[in-house]
Amino acid sequence: MKIKTCSPYLNYIADNMLTRQYSLRTVNAYLSWISNFIHFHNRRYLTAMGDNEVFKLSDPLILKRNMSPREHMGPH
1 MKIKTCSPYL
11 NYIADNMLTR
21 QYSLRTVNAY
31 LSWISNFIHF
41 HNRRYLTAMG
51 DNEVFKLSDP
61 LILKRNMSPR
71 EHMGPH
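Take 1 as the starting number for the sequence shown in our numbering and just add one per residue.
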C-alpha cells in the first residue's frame with residue numbers, strides 16, 4: 001500500500017514508515033503532525049530554528065487538547 005501526498009518529503013516519510021509496518025492510522029497521524037509543524041513555521045528548515053521555536057507549536061496544542069506530559073514527550 002502506498003500513501004500519496006503533495007510533498008516528496010512526506011511521501012518519503014510515509015514509505016519509510018509503511019516499510020517498517022507502522023499502521024495506516026499511525027502514519028497518517030505522523031504525517032499530519034509533520035505537515036502542521038512545517039506550515040506553522042512557514043516552511044523554514046529545522047536547523048534554522050532555535051529550541052524555543054521548535055516547541056512553539058506543541059505548547060498551544062498541549063493546552064488545547066489537555067494532553068498529559070507523557071503524551072507531550074512523544075514516542076520513545
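The beta carbon of each residue, even a glycine, is placed where N, CA and C say it ideally should be. Bear in mind the structure is a predicted one, so any value in this text is a computation, not a measurement.
Where the alpha helix (DSSP H) through Ser32 begins and ends: Numbered from its first residue, the sequence shown carries residue 32 at position 32. Run containing Ser32: Leu24 to Phe40, per the alpha helix (DSSP H) assignment.
At least 3 beta-carbon pairs within less than 8 Å: the segment 37-50 vs the segment 15-29: No: fewer than three Cβ pairs fall under 8 Å.
Does the beta-carbon of Leu10 have 16 or more other beta-carbons within 10 angstroms, so that it is buried, or is it exposed? Counted from its first residue, the sequence shown places residue 10 at position 10. So Leu10 counts as buried.
If you compare alpha carbons, which of Lys2, Tyr30 and Ser35 is closest to Thr19? Translated into positions along the sequence shown, residue 19 becomes position 19. Considering only alpha carbons, the answer is Lys2.
Tell me whether Val27, by its Cβ, gets closer than 8 Å to a heavy atom of the ligand NAP. Ligands in the displayed structure: none, and consequently the ligand NAP is not present.
How big is the Cα-Cα spacing for Tyr30 and Leu24? Position 30 of the sequence shown holds residue 30. Position 24 of the sequence shown holds residue 24. A direct Cα-Cα distance of roughly 10 Å separates Tyr30 from Leu24.
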